[in-house]
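Reading through the structure tokens given below for one structure.
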Ligand code: RIB
Ligand code: CA
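In the numbering used here, the protein residues as written are 2 to 315.
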């Protein structure tokens, strides 16, 4: 049976591929896409969600815009990584997929409480919407099967030496989510940096010979240019689809139980995820933490999903 999920995202090149994987893989029932400010301002992340759904022919999944700024601190964006549009590279026409006139939190609450079985939340962005959902609607917890998020790291950060962007952009929201007591899986940089879109992956996408395959290759080509310039990566890591892949087949993303705390007050470490993989601090386990990726299975599912959607578009 397909797993019902809601993706909360900030497209974003890798968010876009996460949406395609969720919409194109038969193991997932994508109930909704909600957007939040992160890689770019809310207007742009929402427009980009509409753009990717338009080119992929995803017309039956509601898109709702959420929070335009973090809970406490000022908004930061990642235009250095994703460009001025938030999804630079391909040229997109005017999107035909519209958003629904509901706030993302209200849409999530309505869908979660109305769905016949618990739903998996897959945040691939700052956790502002998710934190607001859990605090405004505590009744929703029983309707959440688990939270499988892209964020944090067991090692170094990518926005500061200690903090990964999704957590650093709204640490208070992340702290609420990690202390919620809900089943939670964290796919951090330590594992998403294994999801490199190497030239053979781009060749497979181009080889699909569909418009969507070409758009994905162009997205990854732009992403590669910023990762080469900023971090010297030979190929770009596709962070966000790793969280979706974990829901599709837990064998693709191997995890270890750990206690995870979000640092809020460290002068140099605010936004860090402190992952205690060896129980040094004797704190209760509150997360499954991704530690290894089956690259072949991962890319086979990503490319398979893009192929499925691309063929249905012709
Ligand atoms: O640090 C990587 C994360 O930040 C990804 O979700 C990427 O899309 C950005 O949001
Ligand atoms: Ca993202």
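A virtual CB, placed ideally from N, CA and C, is assigned to each residue, including glycine.
| Asked | Found |
| --- | --- |
| Cβ-heavy atom distance between residue 176 and ligand 2 below 7 Å? | no |
| Quick one, are the C-beta atoms of residue 206 and residue 174 less than 8 Å apart? | no |
| Check whether the Cβ of residue 130 lies closer than 7 Å to any heavy atom of ligand 2, and answer yes or no. | no |
| State buried or exposed for residue 264, treating a residue as buried only when at least 16 other CB atoms are found within 10 Å of its CB. | buried |
| My guess is that residue 178 and residue 7 are in contact by the Cβ rule of under 8 Å, so how many angstroms apart are they, rounded? | Residue 178 to residue 7, Cβ: 14 Å. No contact. |
| Any chance the segment 288-302 sits against the segment 248-268, with 3 or more Cβ pairs inside 8 Å? | yes |
| Give the DSSP-derived three-state secondary structure of residue 241 in the structure shown. | helix |
| Could I get the ranges of all uninterrupted alpha helix (DSSP H) runs contained in the segment 83-132, with 4 residues as the minimum, in chain order? | 105-115 |
| Any heavy atom of ligand 1 closer than 7 Å to the CB of residue 165? | yes |
| Exposed or buried, what is residue 313 when buried is set at 16 or more other beta-carbons lying within 10 Å of its beta-carbon? | exposed |
| Would you mind working out which of 79, 88, 280, 20 sits nearest residue 60, comparing C-alpha positions? | 20 |
| With residue 61 as the anchor, note down where its alpha helix (DSSP H) starts and where it stops. | Here residue 61 belongs to no alpha helix (DSSP H), and DSSP marks it neither H nor E. |
| Listed by chain order, which residues have C-beta atoms less than 7 Å from any heavy atom of ligand 2? | 10, 11, 13, 15, 16, 39, 40, 125, 126, 151, 167, 240, 241 |
| Can you tell which of 10, 126, 3, 15 has its C-alpha closest to the C-alpha of residue 242? | 15 |
| Quick one: grab the DSSP three-state call for residue 5. | strand |
| So residue 62 and residue 31 are in contact, right, with Cβ under 8 Å, and what is the actual spacing, rounded? | 5 Å |
| May I ask you to list the residues that DSSP assigns as paired with residue 29? | 4 |
| Quickly, what does DSSP pair residue 155 with across the bridge? List them, please. | None; residue 155 has no bridge partner. |
| Can we say the segment 273-284 touches the segment 225-245, given the rule of at least three CB pairs closer than 8 Å? | no |
| Report the rounded CA-to-CA distance for residue 221 versus residue 198, giving the unit in angstroms. | 7 Å |
| For the segment 200-286, which segments carrying the beta strand (DSSP E) assignment without a break, of at least 3 residues, lie completely within its bounds, in sequence order? | 254-263, 274-277 |
| Touching or not, the segment 155-167 and the segment 140-147, by the rule of three or more beta carbon pairs under 8 Å? | no |
| Hey, quick one: how far does the beta strand (DSSP E) through residue 289 stretch, first residue to last? | 288-294 |
| Can you have a look at residue 83 and say buried or exposed, based on whether 16 or more other CB atoms are within 10 angstroms of its CB? | buried |
| How long is the line joining the alpha carbons of residue 196 and residue 294, rounded to whole angstroms? | 7 Å |
| What residues are listed by DSSP as bridge partners for residue 72? | Answer is none; residue 72 lacks a bridge partner. |
| Return the first residue and the last residue of the alpha helix (DSSP H) that residue 197 is part of. | Taken as a continuous stretch (DSSP letters only), residue 197 belongs to no alpha helix (DSSP H), as it is neither H nor E. |
| Check the C-beta distance from residue 100 over to residue 64 and give it rounded, since I have them as a contact under 8 Å. | 5 Å |
| Under 8 Å, do residue 155 and residue 189 count as touching if we go by C-beta distance? | yes |
| Are the Cβ atoms of residue 55 and residue 96 separated by less than 8 Å? | yes |
| Hey, residue 120 and residue 67 are a contact pair by Cβ (cut 8 Å); roughly how many whole angstroms apart? | About 16 Å separates the two Cβ atoms, so there is no contact after all. |
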